[in-house]
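S.K.: Residue numbers (our numbering), protein chains in the order written: chain A, 1 to 66; chain B, 1 to 66.
Positions of the beta carbon are idealized from the N, C-alpha and C atoms, including for glycine.
Number of protein chains: 2
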Amino acid sequence: MAKNLKMKSARAALDLTQKDLAQKTGVSRQTINLIEKGEYNPSLALCLKVCKVLHCTLDDLFWDEE
Amino acid sequence: MAKNLKMKSARAALDLTQKDLAQKTGVSRQTINLIEKGEYNPSLALCLKVCKVLHCTLDDLFWDEE
DNA sequence: TCTAAAAGTAAAATATATATTACTTTAATT
DNA sequence: AATTAAAGTAATATATATTTTACTTTTAGA
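Right, here's the structure in full:
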């Protein structure tokens, strides 16, 4: 997986730290960090939580390929 | 999670069985069955594979909530 | 009605996402 | 330059997605 810059910038647009987003989504800060870094493979449930907090859809944040 | 009828019908539209879709996405048939039944929480990587095989986007297949 | 393919379901095993703790590095502010 | 918050990173532990095997039920066609 590649770096998730869309997520990073959506978070920045709301002026949230990784820690803030972690708390709002109910996961650890490291998990958020690793997702943004593209080092793994979040569950759908977590993707949906992130979308809601960042006021985006799945395609906005997690759709890349071609 | 709720039943994923969007995925079920996208699969039906291409005339694929659960087994077919499982083979094309590289997972087991049971995994496909459980996702359609809404009994768990696939990884993003798997969602993306399913989307590609079914010619849909994440929002098409996995976005529900209001 | 028989048959076979497809779908549904379950238990145990394995792989991997995520948590926890803790340390390092970067960026911003004083 | 010193301090602090934020971000990056790593090791180990835990929760859970996914596989495997195997059985049952439903559906469609002969």
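Is A/T17 buried or exposed, if buried means 16 or more other CB atoms sit within 10 Å of its CB?
M.R.: It counts as exposed.
S.K.: Spatial neighbours of A/A45 within its chain, please: CB distance less than 7 Å, with the 5 preceding and 5 following residues excluded, ordered by chain position.
M.R.: Answer for A/A45: no residue qualifies.
S.K.: Return helix, strand or coil for B/S43, following the three-state DSSP convention.
M.R.: In this structure, B/S43 counts as strand in the three-state DSSP scheme.
S.K.: Which same chain residues end up closer than 8 Å to A/L61 when comparing Cβ atoms and leaving out the 5 residues on each side of it in sequence?
M.R.: Around A/L61: N4, K6, M7, A10, C47, V50, C51, L54.
S.K.: Who are the near neighbours of A/G26 in its chain, counting only those whose CB is closer than 8 Å to its CB and skipping five residues on each side?
M.R.: So the qualifying residues of the chain are K49.
S.K.: So, using beta-carbon positions, are B/D59 and A/D59 closer together than 9 Å?
M.R.: Closer than 9 Å, so yes.
S.K.: To the nearest angstrom, report how far apart B/K19 and B/E36 are at their CA atoms.
M.R.: Straight-line Cα distance between these residues: approximately 13 Å.
S.K.: My output table needs one value for B/S28: the three-state DSSP class, helix, strand or coil.
M.R.: DSSP places B/S28 in coil when its eight states are reduced to three.
S.K.: Hey, does B/T31 have any beta-carbon neighbour from chain A nearer than 9 Å?
M.R.: For B/T31, the answer is no, since every Cβ of chain A falls outside 9 Å of its Cβ.
S.K.: Please report whether the beta-carbon of B/S28 lies at a distance below 9 Å from any beta-carbon of chain A.
M.R.: It does not; no Cβ of chain A falls within 9 Å.
S.K.: Along the chain, where does the alpha helix (DSSP H) that runs through A/A12 open and close?
M.R.: Looking at the DSSP string, the run of the alpha helix (DSSP H) that includes A/A12 is 5-13.
S.K.: Using 9 Å as the threshold, is the C-beta distance between B/A13 and B/G38 below it?
M.R.: Contact: no.
S.K.: Quick check: the Cα distance between B/D15 and B/S28, rounded to an integer number of angstroms?
M.R.: Straight-line Cα distance between these residues: approximately 18 Å.
S.K.: Report yes if the C-beta distance between B/N33 and A/S43 is below 9 Å; otherwise report no.
M.R.: No; because the gap between Cβ atoms is not below 9 Å, this pair is not in contact.
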